[in-house]
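Under the numbering used here, think of the first position of the sequence shown as 1415, with each following residue one higher.
Here the structure comes first, spelled out in structure tokens, and everything after it is commentary.
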Amino acid sequence: MSAPLCRGLTAEEIERQYALRKLRPSYETEMVPGWLERSAAFRTEHPGARINLAYGPGPRDRFDLFPAPKPKGPFLLYIHGGYWQRGDKSVYSILSRPFTDAGIDVALVNYDLCPSVPASAIAPQVRRAVAHLWREARNLGCARERFCVMGHSAGGHLAAEMMATRWDEEADDLPADMIDAGLPFSGIFDFTPILHCSENDGMRMDAAVAAEISTIRRAMPTDAPQLVAWGENETPDWKQQSQDYVACFGTAQRRIETHVVPGADHFDVVDVLADGDSDLTAKARALILG
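And the structure:
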């Protein structure tokens, strides 16, 4: 057995715990096609759906908007996963229904993927998307008085990055308290183990980039409440990432609720979130609705 490289894990253990597609090789052949089919049906059925709106000039500077039947409710921006190098908003339209049914407007954003861009470029791009949606909310027919972000996996990290952003330093017209709630699910917040994982073949990080994008190494400028969730059957260190995030940033003033999804691995969490009757979705709606 080789010596530990980081977080007490050897190279072999890092690969087993962080190369998640190897743990569930049927994910892309069985789960994703089902999500795509259900999402396409939802986009067709949803009244007022607006697809591939631009938040910037690039081909992936796009978002889909699903307004709630009753306007002027909270606004939720969802950020998809895919290890920062795969995925598309079109896969995850199904996650909108439990929220639009509850009176919450939902937008899903795309962003550029590694290796076409460096990993360090993705969070700034998502910040531009968030700022655009906040500025344009009223023109889109949405309210921005309760503006929330949610993401799963890589999107969980990016949702946390939005919570760690000093928005009033991004632009003069953005308030410091712009985001009212954050929901980072099954995210990575310390990237040092990924340096030793085969997934870094696509991300191409060095130690400096891994440190730069590790949310857990920075201060949290907002006391907005958060919900951090992960699957019961996720790998131990992946779960520890979320537990470390909560321990680092949770305070008496900054309420961070946790939820463990029973019987779920990393990929099952998406199906649970799409289920309007699940405890996870109920907790997410409650936080967003305030």
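We put the CB at the ideal spot given by N, CA and C, even for glycine.
With a Cβ-Cβ cutoff of 8 Å, do residue i and residue j count as a contact?
i, j, result
"W1644", "F1599", "yes"
"A1590", "R1580", "yes"
"G1555", "P1485", "yes"
"C1562", "L1490", "yes"
"F1480", "T1514", "yes"
"A1425", "S1612", "no"
"Q1431", "W1652", "yes"
"I1670", "V1660", "yes"
"R1668", "D1689", "no"
"Y1492", "H1546", "no"
"L1703", "A1557", "no"
"T1356", "P1488", "Residue 1356 lies beyond the range of the chain shown here (1415 to 1704); nothing can be said about it."
"G1601", "S1656", "yes"
"I1465", "H1610", "no"
"L1588", "W1548", "yes"
On the premise that residue j lies in contact with residue i, defined as a C-beta separation below 8 Å, what is that separation, rounded to the nearest angstrom?
i, j, result
"L1522", "H1566", "Incorrect: roughly 11 Å between the Cβ atoms, too far for contact."
"D1475", "S1507", "Actually they do not touch by this definition, with Cβ atoms about 18 Å apart."
"F1663", "M1634", "5 Å"
"L1450", "S1504", "7 Å"
"P1607", "L1423", "6 Å"
Going by C-alpha distance, which of the options is nearest residue i?
i, options, result
"A1700", "I1608, V1520, A1595", "A1595"
"G1471", "K1503, Y1525, R1438", "Looking at the sequence itself, residue 1471 is Pro, so the reference to Gly does not match. Checked all of K1503, Y1525, R1438; the closest Cα to P1471 is Y1525."
"S1628", "P1639, T1458, A1537, A1482", "A1537"
"V1446", "V1683, I1702, A1578", "V1683"
"P1439", "H1680, D1693, A1696", "H1680"
"N1553", "C1528, L1467, R1632, F1603", "L1467"
"S1534", "A1543, D1502, E1575, M1564", "E1575"
"T1649", "E1550, V1674, A1698", "V1674"
Segments of 3+ residues assigned as beta strand (DSSP E) that fall wholly inside the region 1531 to 1582: Counting whole runs of 3 or more residues, the region 1531 to 1582 contains the beta strand (DSSP E) stretches 1561 to 1566.
Segments assigned alpha helix (DSSP H), at least 4 residues, entirely inside the region 1608 to 1645: 1614 to 1617, 1621 to 1626
4 or more residues per run - each alpha helix (DSSP H) lying fully within the region 1477 to 1530: Counting only runs that start and end inside the region 1477 to 1530, the alpha helix (DSSP H) elements of at least 4 residues fall at 1511 to 1514.
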